[in-house]
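Okay, so the sequence shown: first residue is 5 according to our numbering, each after it adds one.
We treat Cβ as the ideally placed atom computed from N, Cα and C, and that holds for glycine.
Since this is a predicted model, take the numbers as computed values, not measurements.
Notes to accompany the following structure.
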Amino acid sequence: EGHDNHALRISAKRGRLYIYAHQMLFFGLLGVGVGIKIAAKHVLDAERRWLDVILPGYSLVLIVIALNMIRVAHPYHVHYKIWIFRAILLGIMMIMPLFELAINN
């Protein structure tokens with residue numbers, strides 16, 4: 005317990021996964037922030053733009069993937085049913101932005 009079971013101290017491979025996942029997390033958070041800013045700018049326009057849904061939507065997908073990579077890098081084990089549930093939710097999150105014209109009303 006304690007400091008010895010952190011992802012950076014277990015192995016070099018897990019440490020790299022941990023660092024790269026945090027870099028992905030940064031870009032996902034940046035995409036959500038920019039996407040919400042652009043969507044807020046366009047909220048009163050009559051014309052709907054695909055960018056208003058696609059950018060924040062897929063940025064959230066990137067954030068969830070990065071958080072799952074951080075979870076994998078750590079030594080704590082979770083039941084496989086939880087990972088299946090997470091994969092199903094991620095699949096739903098990946099499909100939903102494709103229906104942006106129906107969602108963006």
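For Ser63, the enclosing alpha helix (DSSP H) starts and ends at Leu55 to Ala77.
Distance from the CA of Ala50 to the CA of Ala106, rounded to the nearest whole angstrom, comes to 15 Å. Across the structure, Pro101 and Ile58 are spaced so that their CA atoms are roughly 6 Å apart.
The criterion of a C-beta distance shorter than 7 Å is not satisfied by Ala70 and Leu12. Bounds of the alpha helix (DSSP H) holding Tyr84 are Tyr84 to Ile99. Note on Gly37: under 16 other CB atoms within 10 angstroms of its CB, so exposed under the neighbour-count rule. Val47 carries a coil assignment under DSSP once its states are collapsed to helix, strand and coil.
Ranked by Cα distance from Leu64, the options Leu55, Ser15, Gly32 and Ile40 are led by Gly32.
DSSP, read as helix, strand or coil, puts His10 in coil. By the criterion of a C-beta distance shorter than 6 Å, Met98 is surrounded in its chain by Val65, once the five residues flanking it on both sides are discounted.
Between Ala77 and Arg18, the C-beta spacing is below 7 Å.
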